[in-house]
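Be aware that the sequence shown starts at 101, since it is given in my numbering, and climbs by one per residue.
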Amino acid sequence: MLAAQSEGRKIISSGNTELDAKMGGGIPLGSLILVEGASGAGKSVLSQQIMWGALQDSYLVTLFTSENTVRSLMAQMQSINLDILDYLLLGKFRMHPMALARLGSSAPDKLLRVLKGIRGRDLIVIDSFTAAISHAATSVQIVSFFEQCKRLCGEGVTIMITLHPDAADHELMNPLRSMCDAHLQLRAEQDGQRLVKTLQVAKVRGASSSTGAIVGFDVEPGWGMRVIPISKARG
Ligand SMILES: Nc1ncnc2c1ncn2[C@@H]1O[C@H](COP(=O)(O)OP(=O)(O)O)[C@@H](O)[C@H]1O
Ligand SMILES: [Mg+2]
């Protein structure tokens with residue numbers, strides 16, 4: 101039995117109350133989560149925040165990363181006060197570096213095979229899946245990858261996939277977005293004179309409160325994601 105089920109909790113929290121509130125109170129377990137954002141928009145930091153929150157709640161977490169080594173991830177997370185070294189040593193957090201570009205067009209299928217073999221994990225994060233999409237042979241292959249992930253989510257695991265929005269054209273992105281239970285969009289936007297990072301909670305299916313909010317945030321050394329006010333009127 102997964103740690104989450106045995107303790108009767110039902111959501112993945114970021115461990116940041118303000119951020120959770122904007123995400124409808126937390127993302128229900130068993131969700132397929134899509135995080136979209138260009139380079140530097142905050143995909144990895146948001147993933148790290150959510151992995152940290154999940155570990156704090158005694159969930160078991162596995163990360164597939166195309167960007168970090170164990171050492172660089174620990175250093176990066178410590179720099180924003182998200183220290184997960186103990187969880188790593190206890191096996192509650194596992195990470196697998198992946199070279200998606202090197203796998204070429206077989207990347208989605210190979211990754212899926214590995215995902216299917218994982219047992220007893222509550223949260224699986226793939227940061228990022230961009231290279232798999234850009235090297236995929238066909239979009240059918242990608243849609244099928246998402247469908248299979250969704251099937252795994254049906255068994256209770258939560259899967260979070262980060263993507264650069266330019267990785268695929270609209271004809272592929274739209275079906276992927278609608279397939280996901282939660283869709284988070286990260287952007288760097290002009291707010292008056294400032295350039296602010298924003299998180300748009302496009303949807304969180306099954307959230308306890310409403311979503312759709314756009315929240316401004318900053319990444320601060322020694323702190324992490326801090327929600328900040330934005331003035332820009334939204335239409
Ligand atoms: N320790 C830190 N101190 C300050 N800024 C940071 C720190 N860690 C990450 N950032 C900033 O957070 C932003 C988001 O980075 P990241 O999550 O890596 O983006 P992405 O994964 O979308 O490319 C970047 O602007 C990066 O400089
Ligand atoms: Mg990143």
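Cβ coordinates follow ideal geometry from the N, Cα and C atoms, glycine included.
Proximity test, residue i beta-carbon vs ligand 1 heavy atom, cut-off 6 Å
i: lysine 143; result: yes
i: leucine 137; result: Residue identity check: residue 137 is glycine in the sequence provided, not leucine. Yes, ligand 1 has a heavy atom inside 6 Å of this Cβ.
i: serine 114; result: no
i: proline 197; result: no
i: isoleucine 259; result: no
i: proline 321; result: yes
i: isoleucine 180; result: yes
i: glycine 316; result: no
i: glycine 140; result: yes
Exposure label - residue i; buried when at least 16 CB within 10 Å
i: serine 147; result: buried
i: histidine 283; result: buried
i: alanine 145; result: It is valine, not alanine, that sits at residue 145 in the sequence shown. With 16 or more other Cβ atoms within 10 Å, it is buried.
i: serine 114; result: buried
i: glutamine 149; result: buried
i: methionine 101; result: Reliability fails at methionine 101, whose pLDDT of 47 lies under 50, so the model's placement of it is uncertain and the value that follows must be treated cautiously. With fewer than 16 other Cβ atoms within 10 Å, it is exposed.
i: glutamate 136; result: buried
i: alanine 232; result: buried
i: tryptophan 323; result: exposed
i: arginine 219; result: exposed
i: alanine 333; result: Residue confidence is low: alanine 333 scores 46 on pLDDT, short of 50, so the model does not pin down where it sits. Its coordinate-derived value is still stated next. Under this definition alanine 333 is an exposed residue.
i: aspartate 222; result: buried
i: glycine 142; result: buried
Residues that residue i bridges to, as DSSP identifies them
i: threonine 169; result: According to DSSP, threonine 169 bridges with nothing at all.
i: alanine 288; result: Lys297
i: arginine 305; result: BP columns for arginine 305 are empty, so no partner.
i: phenylalanine 317; result: Lys297, Val327
i: arginine 194; result: Thr162
i: alanine 236; result: Answer is none; alanine 236 lacks a bridge partner.
i: methionine 260; result: Ile133, Val225
i: alanine 121; result: Looking at the DSSP assignment, alanine 121 forms no beta bridge with any residue, so it has no partner.
i: proline 128; result: Ile111
i: alanine 207; result: BP columns for alanine 207 are empty, so no partner.
Integer Cβ distance of residue i from residue j, believed to fall under 8 Å
i: isoleucine 224; j: threonine 262; result: Actually they are not in contact, since the Cβ atoms of isoleucine 224 and threonine 262 sit about 12 Å apart, beyond 8 Å.
i: methionine 195; j: leucine 173; result: 6 Å
Chain B within 7 Å of residue i, Cβ atoms only
i: leucine 299; result: Annotation note: the requested chain B is absent from the structure, which comprises a single protein chain.
Residue i CB to nearest heavy atom of ligand 2 below 6 Å
i: glutamate 247; result: no
i: glutamate 289; result: no
i: glutamate 167; result: yes
Inspect the CB distances between the stretch 113 to 131 and the stretch 298 to 315 and report whether three or more fall short of 8 Å.
-> yes
Given 8 Å as the limit, is there contact between the stretch 264 to 279 and the stretch 115 to 124, that is, 3 or more CB pairs closer than that?
-> no
Count the C-beta pairs between the stretch 160 to 171 and the stretch 310 to 318 that are closer than 8 Å, then say yes if the count reaches three, no if not.
-> no
Pairing CB atoms from the stretch 231 to 246 with CB atoms from the stretch 174 to 182, are three or more of them under 8 Å?
-> no
Would you say the stretch 198 to 217 touches the stretch 227 to 238, given that touching needs at least three Cβ pairs under 8 Å?
-> yes
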